[in-house]
Amino acid sequence: MPWRATFTEHGQRKYRQGATEAKLAAKLEKVRERLSAGAANMERPGADLIAYYLDPDRLPFDERWSRKHAHTQRRLCERFAAPVIDAVTCQDIETWHTQQIVNAAPTTGEGARVAGMLSALVAAGIEAGYLTDPRLAKVHWRAAGRRLPAPHVTVAGESVLWVDPAEIPAYGDVDRLGKALSRGRRGNLDELMAATAAYSGLRWGELTALTVGQIETVARVITVDRKVVEVAGNLYIEAPKNRKYRRTIYPRRTPADYPLAEKLSIRIKAARAEQDAGINPLGLIFPSPKFKLCRSSNFNRNVLQRAYAMAGWRDADGNGKWTWHSLRHVFCTSLFTWKLDATDVSCMAGHANVRTTLLMYVGTTAGVLDRARKATD
């Protein structure tokens, strides 16, 4: 005769039974864990946990994920978490399940992203009563015979945010890229885009969302209040990074003597004319050839790769240390060259805080050898 126990949960009378006293005790231990933690959803399947995690209504309106982050989390859950725990009851999920999820990632980089997703999933599950054990998130990607990348070597004493000067193109390098772009089909416009990126600090998405109404030509000020993001092959306009607006400035002429202010003024007039004619309804400064939002993959394939090679930014094998984002580093370091305070640089670059700016561009080890030399003279 099986062993049987009855109990009440949420006003309902329930029971558990087992062939032996030990088996019944093991089942009752899970009941005790669920009741003591007030975890009402532990009997639901892992698929429900994932659905809850991805539900935008889970978070307050002001804290909801961006469209791009939501897409990334959905992709990671569908590819890695769902195959392992979809059909597993939440109270039966163990660390070997979560280890399987992380290990399914093909590379250490993807493994880190999956581990981050898993940590957030477990935290949300505990908060909503699907899980009780925070140790479920204490797993990491294991190579298990797979090839590991070479260890990333950094400067001792520097933050991981530190941008080495070798990663920042010189003014002459920027000029060469601009001249290479000027030889393309939309040469003047692409050259202007590179100069604007290098000397206003706009990120790619902010640059391609830039419209005539955001630029004050007399003050040479750009209001950064939108960006373009690509999600699942579709382009969207949304608030800028961290949902923080900012204003930045651009010089009359670049250090290589490119007349940036004049060229932008000319382009603004042309964009207004395009807008009035109905061919550029958004009034984009840097539209695609069909006057729509510019897609980074198309621009990279059709324009940038050729220009990189011509400007010496890539070798014969296509390798090089600079990318389009390197132009933003040019702007940030130029602001220091122009004797602006770090707080000013932080505001115009759109960093989360001034500490980020200092860690990225000033560093912590600058002048160490000079100070040590003077101390030991």
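The sequence shown runs 4 to 380 under my numbering.
Quick reminder that beta carbons are idealized off the backbone N, C-alpha and C, glycines included.
Taking C-beta atoms as the reference points, Val234 and Arg70 count as a pair closer than 8 Å. Counting C-beta pairs with one atom in each stretch, the stretch 190-197 and the stretch 261-270 have three or more that are closer than 8 Å, which means they touch. Of the candidates Thr346, Met363, Glu265 and Thr367, the residue whose Cα lies closest to the Cα of Val166 is Met363.
In the structure shown, Trp6 falls within a strand segment according to DSSP collapsed to helix, strand and coil.
For Tyr239, the enclosing beta strand (DSSP E) starts and ends at Asn237 to Glu241. Every alpha helix (DSSP H) of 4 residues or more that sits fully in the stretch 242-304 is shown, in chain order, as 263-280 and 299-302. For Gly236, the number of other beta carbons within 10 angstroms of its own is below 16, and it is reported as exposed.
Looking at the DSSP output, Arg19 bridges to Ala8.
About 5 Å separates the Cβ atoms of Gln102 and Val142, confirming a contact at the 8 Å cut-off.
Here the C-alpha atom of Leu343 lies approximately 34 Å from the C-alpha atom of Arg186. With a cutoff of 8 Å on beta-carbon distance, Pro48 and Ala22 are scored as not near each other.
Per the coordinates, the alpha-carbon of Glu277 lies some 16 Å from the alpha-carbon of Gln217.
Look at Thr226 here: in three-state DSSP terms it is strand. Every alpha helix (DSSP H) stretch that sits fully inside the stretch 155-221 and reaches 4 residues is listed by chain position as 174-184, 190-203 and 207-211. DSSP, reduced to helix, strand and coil, places Thr336 within a helical segment of the structure shown. Comparing C-alpha distances from Trp341 to each of Arg116, Thr257 and Gly114 shows the shortest one belongs to Thr257.
By the CB criterion at 8 Å, Ala123 and Trp144 fall outside the cutoff. Ranked by Cα distance from Arg77, the first of Tyr55, Thr214, Ala264 and Ser300 is Tyr55. In the structure shown, the three-state DSSP call for Glu233 is strand.
A straight-line Cα-Cα distance of about 6 Å links Leu338 and Val348.
Residue range Gly49 to Leu57 is occupied by the alpha helix (DSSP H) that includes Tyr55. Pairing Ile104 with Ala378, the inter-Cα distance amounts to about 53 Å. Per DSSP, reduced to three states, the secondary structure at Thr92 is strand. DSSP, reduced to helix, strand and coil, places Leu361 within a helical segment of the structure shown.
Beta-carbon to beta-carbon, Ile225 and Val231 are separated by about 15 Å, too far to satisfy the 8 Å threshold. A direct Cα-Cα distance of roughly 43 Å separates Glu66 from Ala314. About 6 Å separates the Cβ atoms of Glu161 and Thr367, confirming a contact at the 8 Å cut-off.
Per DSSP, His72 is one residue of the alpha helix (DSSP H) stretching across Arg70 to Leu79. Setting aside the 5 residues that flank it on each side, Asn106 is surrounded in the same chain by Gly114, Trp144, Arg145 and Ala147, each with a C-beta closer than 8 Å to its C-beta; the list follows chain order.
A Cβ-Cβ distance of about 5 Å is found for the pair Ala310 and Leu184, placing them in contact under the 8 Å criterion. The three-state reading of DSSP puts Trp99 in helix, counting H, G and I together. By the Cβ test, the stretch 196-203 is in contact with the stretch 242-260, since at least three Cβ pairs between them sit closer than 8 Å. Within the same chain, and ignoring the five residues on either side of Arg179 in sequence, the residues whose Cβ sits closer than 6 Å to its Cβ are Ala314.
In the DSSP assignment, Arg309 falls within the unbroken alpha helix (DSSP H) covering Gln308 to Ala314. A distance below 8 Å separates the beta carbons of Ala50 and Asp89. Here Gly128 has Leu52 and Leu134 as same chain residues with Cβ atoms under 6 Å from its own Cβ, once five neighbours each way along the sequence are excluded.
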